[in-house]
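What the sequence shown shows, in this note's numbering, is residues 7 to 146, in sequence order.
Inspection log for the structure reproduced underneath, given as structure tokens.
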Amino acid sequence: MCHADIPGVAAIEEVSQFTPWSAAQFGECLDSGYLCDVVLARGEIIAFQVLSAVLDEAHLLNLGVSPSWRRQGLARGMLTMALQRARQEGATSLYLEVRRSNTAAMRLYRALGFEETGFRRDYYRARQGREDAVLMQKNL
Ligand SMILES: CC(C)(COP(=O)(O)OP(=O)(O)OC[C@H]1O[C@@H](n2cnc3c(N)ncnc32)[C@H](O)[C@@H]1OP(=O)(O)O)[C@@H](O)C(=O)NCCC(=O)NCCS
7 MCHADIPGVA
17 AIEEVSQFTP
27 WSAAQFGECL
37 DSGYLCDVVL
47 ARGEIIAFQV
57 LSAVLDEAHL
67 LNLGVSPSWR
77 RQGLARGMLT
87 MALQRARQEG
97 ATSLYLEVRR
107 SNTAAMRLYR
117 ALGFEETGFR
127 RDYYRARQGR
137 EDAVLMQKNL
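This is the structure we're talking about:
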């Protein structure tokens, strides 16, 4: 991902999340040196992910696939690459948080070997009230 990609990334984020990241947040991740990837199809951004890796810990901070490109293995492919990259950077664990209602993402993470390690009660704003964050981890 580079700064010119941010409008395309933010457009996917906007249609994917109840509380989407702003374009500025994606810019800060790039400026901080996080591992930020996009997938392109005919020059158009169709998926992205943002990962931080510090010492032995990596965190998946964001991941999104354009609605018309879902269920074609893009997220699985991006995450598989992210696991390899995090390992190369010296990480021994990859952590993430996911809304309890996000069954699609949780199935994806479980399929890749992530395990639930806990939850943060009422962590996210939701359409009606609040919603728990489920914490997941994979040893690399
Ligand atoms: C979650 C998301 C990233 C998955 O992307 P994707 O490219 O469609 O996922 P993949 O095609 O790689 O799916 C891999 C596996 O995940 C699971 N999965 C993905 N989407 C699913 C769905 N809608 N329902 C059930 N399982 C699903 C399946 O196990 C799937 O394997 P299969 O297709 O062989 O059954 C995508 O739905 C998305 O962008 N959602 C909105 C943003 C989001 O929730 N991001 C994660 C925040 S934590």
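All C-beta atoms, glycine included, are put in the ideal place defined by N, C-alpha and C.
Just so it is clear, the structure is predicted and the values come from calculations on it, not from any experiment.
Legend entry - beta strand (DSSP E) segments (min. 3 residues) lying fully within the stretch 26-78: 41-47, 50-60, 63-71
Inset, instruction - Between the Cα of LEU36 and those of GLY79, SER22, VAL15, ALA47, spot the shortest distance and give me the residue it belongs to. - result: Counted from its first residue, the sequence shown places residue 36 at position 30. Residue VAL15 is the option with its Cα nearest to LEU36.
Legend entry - Burial state of ALA59, where buried means 16 or more other Cβ atoms lie within 10 Å: Position 53 of the sequence shown, counted from the start, is the residue given in the question as residue 59. Buried: at least 16 other Cβ atoms inside 10 Å.
Inset, instruction - With DSSP collapsed to three states, give me the class of ALA7. - result: Mapped onto the sequence shown, residue 7 falls at position 1. Residue 7 is actually Met in this sequence, not Ala. It is coil, neither helix nor strand.
Legend entry - LEU146 in three-state terms, based on DSSP: Here residue 146 corresponds to residue number 140 of the sequence shown, with the count starting at 1. Three-state result, LEU146: coil.
Inset, instruction - Examine ligand 1 and report whether any of its heavy atoms sits within less than 8 Å of the Cβ of ILE18. - result: Residue mapping note: residue 18 aligns to position 12 of the sequence shown, counting from 1. At least one heavy atom of ligand 1 is nearer than 8 Å to the Cβ of ILE18, so yes.
Legend entry - Three-state secondary structure assigned by DSSP to THR98: Position 92 of the sequence shown holds residue 98. Reduced to three states, the DSSP call for THR98 is coil.
Inset, instruction - Starting from MET125, follow its DSSP beta bridges and name the residues at the other end. - result: Walking along the sequence shown from the start, residue 125 turns up at place 119. Note that residue 125 corresponds to Phe in the displayed sequence, not to Met. DSSP, once it has assigned bridges, lists VAL140 as partnering PHE125.
Legend entry - Contact test: ASN68 Cβ vs ligand 1 heavy atom, cutoff 8 Å: Here the question's residue 68 lines up with position 62 in the sequence shown. Under cutoff, so the answer is yes.
Inset, instruction - Would you check whether ligand 1 has a heavy atom nearer than 8 Å to the C-beta of ARG82? - result: Translated into positions along the sequence shown, residue 82 becomes position 76. Yes - ligand 1 has a heavy atom lying nearer than 8 Å to the Cβ of ARG82.
Legend entry - Cβ-Cβ separation, ARG126 to LEU114 (assumed contact under 8 Å), whole Å: Your numbering for residue 114 matches position 108 in the sequence shown. Your numbering for residue 126 matches position 120 in the sequence shown. So it is not a contact: roughly 20 Å between Cβ atoms.
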